[in-house]
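Asks: Residue numbers (the UniProt record's numbering): 1 to 55.
Idealized CB from N, CA, C, for every residue including glycine.
Pasting a structure here, questions to come.
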């Protein structure tokens with residue numbers, strides 16, 4: 001703890017907490033985007049198979 005700034009520890013803790021929450025949110029966003037891309041790819045493959053069957 002800095003004797004000149006007794007709130008420095010609290011400020012640092014809040015900053016660390018904010019960073020962790022931001023990282024969690026970013027991880028959730030990445031997972032959602034990845035799942036959406038996988039879903040889109042599977043739909044695309046299904047459409048390709050259907051068009052090939054029609055030929």
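Look at the alpha carbon of residue 32 and the alpha carbon of residue 4, and state the distance between them as a whole number of angstroms.
Replies: On the chain shown, residue 32 is found 32 positions in, with the first residue counted as 1. On the chain shown, residue 4 is found 4 positions in, with the first residue counted as 1. Approximately 45 Å, taken between the alpha carbons.
Asks: Rounding to the nearest angstrom, what Cα-Cα distance links residue 57 and residue 43 in this structure?
Replies: Outside the displayed span of the chain (1 to 55) sits residue 57, for which this structure offers no information.
Asks: What is the DSSP secondary structure of residue 4, counted as helix, strand or coil?
Replies: Translated into the one-based positions of the chain shown, residue 4 becomes position 4. Residue 4 falls in the coil class under three-state DSSP.
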